[in-house]
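Let me begin by presenting the structure, written as structure tokens, before commenting on it.
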Amino acid sequence: MLLWFRQAKIVGKIHNEKAILLLDTGAEVSIVDTAFSRKIGCYIDSIQIQDCMGIGDKVYRTEG
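So, in structure tokens, the structure goes:
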């Protein structure tokens with residue numbers, strides 16, 4: 000069986016840096032890549048940690 004879907008991607012800017020953004024209106028949080036966050040000068044609060052799970056059973060940890 001072939002599954003077909005489209006992702007809602009847009010090109011935008013964060014702190015005047017070009018970024019490809021994936022829109023997910025059902026998400027509880029928004030996630031930005033750590034390297035990109037540092038590149039644009041965002042402060043990452045390492046005390047704030049959240050475990051997330053997407054499709055499948057793999058859990059990943061976010062920071063900031």
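Anchor point for the sequence shown: position 41 equals 40 in numbering that gives the first Met the number 0, and the numbering is continuous, going up by one each time. Even glycine gets a Cβ: it sits at the ideal position worked out from N, Cα and C. Predicted, not measured: the structure shown is a model, and the values here were computed from it.
Margin query: Quick test of your reading: E62 and I39, contact by CB under 8 Å. State the CB separation rounded to the nearest angstrom.
Written below: Between E62 and I39, the beta carbon gap of about 16 Å keeps them out of contact (Cβ cut-off 8 Å).
Notebook entry, point to check: With distances taken from CA atoms, which of K57, G53, R60 is nearest D23?
Noted result: Looking at the Cα atoms, G53 is the closest of the given residues.
Note to self: Taking 7 Å as the limit between beta carbons, can you name the residues of its chain near Y59, skipping five residues before and five after?
What the structure shows: C51, listed in sequence order.
Next item on the list: Quickly, what does DSSP pair I48 with across the bridge? List them, please.
Entry: In DSSP, I48 forms a bridge with E62.
Notebook entry, point to check: Is the Cβ-Cβ distance between L20 and G11 less than 7 Å?
Noted result: Against a cut-off of 7 Å, the Cβ pair of G11 and L20 comes out as a contact.
Check: Which of helix, strand or coil does DSSP assign to K8?
Finding: Three-state result, K8: strand.
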